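There are 2 protein chains.
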Amino acid sequence: MPVQTNAERGRAARAHLLAAARDLIGEIGWNAVSTRILAERAGVRSGLVHYHFESLQALLRQATLEAMGEMLDGTTALLTAAENPADGIDAMLAELDRYTGEDPASLLFIEAYLAATRDPLLHERMKALMLDFRGTLAAALGRAGHPAPADAAAFTMAVFDGHLLHKGLDPGLSASRIAPLLRQITSTATKGARE
Amino acid sequence: MPVQTNAERGRAARAHLLAAARDLIGEIGWNAVSTRILAERAGVRSGLVHYHFESLQALLRQATLEAMGEMLDGTTALLTAAENPADGIDAMLAELDRYTGEDPASLLFIEAYLAATRDPLLHERMKALMLDFRGTLAAALGRAGHPAPADAAAFTMAVFDGHLLHKGLDPGLSASRIAPLLRQITSTATKGARE
DNA sequence: GCTATATTTGGTCACTCGTCCAGGACGATT
DNA sequence: AATCGTCCTGGACGAGTGACCAAATATAGC
Numbered sequence: 345m346p347v348q349t350n351a352e353r354g355r356a357a358r359a360h361l362l363a364a365a366r367d368l369i370g371e372i373g374w375n376a377v378s379t380r381i382l383a384e385r386a387g388v389r390s391g392l393v394h395y396h397f398e399s400l401q402a403l404l405r406q407a408t409l410e411a412m413g414e415m416l417d418g419t420t421a422l423l424t425a426a427e428n429p430a431d432g433i434d435a436m437l438a439e440l441d442r443y444t445g446e447d448p449a450s451l452l453f454i455e456a457y458l459a460a461t462r463d464p465l466l467h468e469r470m471k472a473l474m475l476d477f478r479g480t481l482a483a484a485l486g487r488a489g490h491p492a493p494a495d496a497a498a499f500t501m502a503v504f505d506g507h508l509l510h511k512g513l514d515p516g517l518s519a520s521r522i523a524p525l526l527r528q529i530t531s532t533a534t535k536g537a538r539e
Numbered sequence: 345m346p347v348q349t350n351a352e353r354g355r356a357a358r359a360h361l362l363a364a365a366r367d368l369i370g371e372i373g374w375n376a377v378s379t380r381i382l383a384e385r386a387g388v389r390s391g392l393v394h395y396h397f398e399s400l401q402a403l404l405r406q407a408t409l410e411a412m413g414e415m416l417d418g419t420t421a422l423l424t425a426a427e428n429p430a431d432g433i434d435a436m437l438a439e440l441d442r443y444t445g446e447d448p449a450s451l452l453f454i455e456a457y458l459a460a461t462r463d464p465l466l467h468e469r470m471k472a473l474m475l476d477f478r479g480t481l482a483a484a485l486g487r488a489g490h491p492a493p494a495d496a497a498a499f500t501m502a503v504f505d506g507h508l509l510h511k512g513l514d515p516g517l518s519a520s521r522i523a524p525l526l527r528q529i530t531s532t533a534t535k536g537a538r539e
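Residue numbers (the numbering used here), protein chains in the order written: chain Z, 345 to 539; chain W, 345 to 539.
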């Protein structure tokens, strides 16, 4: 009666490596994550990296895409739970304020944008995730009667990531300062028709 | 009658190293720039790096700060040359469209934001540059009668950098798509009093 | 029990890294 | 011509790198 089956141990090691990658990319930077540092953080031996993953880059890529996917899923949930897109975006902004722009989670996403410019496969997958969410946001804005939902969606996403980028330099920035301005963009036609 | 004096050669080598750093940081990433790659690109021997600079990091830091300073100076000129801040921001957006989000110049700035989170001195200097420009922008908006110039300035800068970040993923993005939306933010009170 | 299969270990490989430095080269000064 | 200060060269140092693999270990199926 083994405490862990063979396959369970394997899955656990794999998961530990992916979790360690998520943290380390933000902490020390994409290019500074080595097989040995990664393995130490994950509590496994460095040789395991290339047993479970094709390459170090493949591991980092997968960890990044999983983190982005989960984050966008959560954000999508916030959006669809709100009565109208402007309120949904307010909820997203409140969530955004939990990131400081210097924590590993924030930096992971910025590192990912850079890594994507040098890794075609990561680029493709990230673009798909991003366009998917942008489409969801644009659809919500369109249903609410926004005159240019696609542009407003792209604009909103740029504001989010740009805000995060600047918050790393100036921690005094707060989502509450940009919320009223962004609402001007996203609720343009809300005072008009709703169905 | 030497073609180059000793000091002239020194200044040239120094300048070549700084210029090579500017390009390489964007091309291959901050952490991937090594003394040897840098020297080869600059056309000098690798030993020279530590003759002219205290460390590789110090070289990268200085190259980055010079590039950012020059860029912000040019942008400030665009802003002050315009009749009102909203027009100035339109001119800045037109300039922004010359960057693809994948060229070395764009990526240098994004790399710089990340490097600043791990290099206190770079952080301090970049923050000063950024706050200085934000102050200039806010002052212009305030003079034009904007009700919340500081917030609008921070918002505008986030839009710029966020747009650049997203353009790397989706080259289809164009500054012309966000210009009308941003104008909504920056020209709020323009229809009202002007002095 | 014994054999197949999956996972893990510990180490090797050739290579690149930042930093440092002794000594050579060269124009300027005396 | 000799000296001085600046600029540059080429290599050395220990440390760290991604990838790889034979051997060891642990579970699963017979």
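Ideal Cβ positions, reconstructed from N, Cα and C, are used throughout, including at glycine. Owing to the predicted nature of the structure, the values given are computational and were not obtained by experimental measurement.
Worksheet item: From this set, T349(W), A376(W), L400(W), which residue's C-alpha is nearest L361(W)'s C-alpha?
Response: Nearest option by C-alpha distance: L400(W).
Worksheet entry | 6 Å CB neighbourhood of G512(Z) in its chain, flanking five on each side removed | If we look at G512(Z) and ignore the five residues flanking it on each side, its Cβ neighbours are G445, E446.
Item to complete: Could you tell me the distance, in whole angstroms, from the CA atom of D476(W) to the CA atom of L440(W)?
Response: D476(W) and L440(W) have their alpha carbons spaced roughly 19 Å apart.
Practice prompt. Specify the secondary structure class of R538(Z) as computed by DSSP and reduced to three states.
Written response: Confidence at R538(Z) is low in this model, with a pLDDT of 36, below 50, so the placement of that residue should be treated as unreliable; the coordinate-derived value is given next. R538(Z): coil per DSSP, three-state reduction.
Worksheet entry | Proximity test, Cβ basis, 8 Å: R355(Z) and chain W | Output row for R355(Z): interface = no.
Discussion item. Tell me which residues of the segment 513 to 528 of chain Z have at least one Cβ-Cβ distance to chain W shorter than 7 Å, keeping chain order.
Written reply: Listed by position, the residues of the segment 513 to 528 of chain Z near chain W (Cβ gap below 7 Å) are L513, D514, L517, R521, I522, L525, Q528.
Item to complete: Please work out which residues of its chain come closer than 6 Å, Cβ to Cβ, to G367(Z), disregarding the five sequence neighbours upstream and downstream, and give them in chain order.
Response: Contrary to the premise, residue 367(Z) reads as Asp rather than Gly in this sequence. These residues qualify, in order along the chain: P448.
Discussion item. Does chain Z have any CB closer than 8 Å to the CB of H396(W)?
Written reply: No, because no Cβ of chain Z sits closer than 8 Å to the Cβ of H396(W).
Worksheet item: Which residues in the same chain have their Cβ closer than 7 Å to the Cβ of V503(W), if we skip the five residues on either side of it in sequence?
Response: Listed in chain order, the non-local C-beta contacts of V503(W) below 7 Å within the same chain comprise I522, L526, local neighbours out to five positions each way being set aside.
Fill in: CB contact below 8 Å: H360(Z) versus chain W
By this cut-off, H360(Z) is not an interface position.
Worksheet item: Expressed to the nearest angstrom, what Euclidean distance is found between the alpha-carbon atoms of G389(W) and A482(Z)?
Response: This sequence places Arg at residue 389(W); Gly is not what is there. Cα to Cα, the separation comes out at about 53 Å.
Worksheet item: When Cβ atoms are compared, which residues of the segment 450 to 480 of chain Z fall closer than 8 Å to chain W?
Response: The residues in question are L451, I454, E455, Y457, L458, A460, T461, R462, H467, M470, K471, M474, L475.
Discussion item. Quick check: the Cα distance between A460(W) and H467(W), rounded to an integer number of angstroms?
Written reply: If you take the alpha carbons of A460(W) and H467(W), they lie about 4 Å apart.
Worksheet item: Who are the Cβ neighbours of R385(W) in its own chain at under 8 Å, not counting the five residues just before and after it?
Response: The residues are A364, D367, L368.
Fill in: Simplified DSSP assignment, three categories, for G373(Z)
Note: G373(Z) maps to coil in three-state DSSP.
Discussion item. Using only the alpha-carbon positions, how far apart do A497(Z) and H490(Z) sit?
Written reply: So the alpha carbons of these two residues sit roughly 10 Å apart.
Worksheet item: How is S450(W) classed by DSSP in three states: helix, strand or coil?
Response: Correct three-state label for S450(W): helix.
Practice prompt. Drop a sphere of 10 angstroms on the beta-carbon of R405(Z), count the other beta-carbons inside from all chains shown, and report buried for 16 or more, exposed for fewer.
Written response: The residue is buried, with at least 16 neighbouring Cβ atoms inside 10 Å.
Worksheet entry | Boundaries of the alpha helix (DSSP H) in which F477(Z) is found, first to last residue | In this chain, the alpha helix (DSSP H) harbouring F477(Z) covers 464 to 487.
Discussion item. Tell me the rounded alpha-carbon separation between F397(Z) and E352(Z).
Written reply: Using only the alpha carbons, I get a separation of about 17 Å.
Worksheet item: Counting contacts by CB-CB distance shorter than 8 Å, is G489(W) in contact with chain Z?
Response: Cβ-Cβ to chain Z under 8 Å: no for G489(W).
Item to complete: Determine the burial state of R538(Z): buried for a count of at least 16 other Cβ atoms within 10 Å of its Cβ, exposed for fewer.
Response: Residue placement at R538(Z) is poorly supported in this model, since its pLDDT is 36, which falls under 50; the coordinates still yield a value, given next. The residue in question, R538(Z), is exposed, as its Cβ has fewer than 16 Cβ neighbours within 10 Å.
Fill in: T444(W) (DSSP reduced to helix, strand or coil)
Of the three classes helix, strand and coil, the one that applies to T444(W) here is coil, per DSSP.
Worksheet item: Does any residue of chain W bring its CB to less than 8 Å from the CB of D495(Z)?
Response: With 8 Å as the cut-off, D495(Z) counts as an interface residue toward chain W.
Fill in: Rounded separation between A533(Z) and P493(Z) - CA only
Because A533(Z) sits at a pLDDT of 49, beneath the cut-off of 50, its placement in the model cannot be relied upon, and the following sentence gives the value as read from the coordinates. Straight-line measurement puts the Cα of P493(Z) at about 11 Å from the Cα of A533(Z).
Discussion item. Going by beta-carbon coordinates alone, are G506(Z) and G506(W) separated by less than 8 Å?
Written reply: Yes, Cβ-Cβ distance for G506(Z) and G506(W) is below 8 Å.
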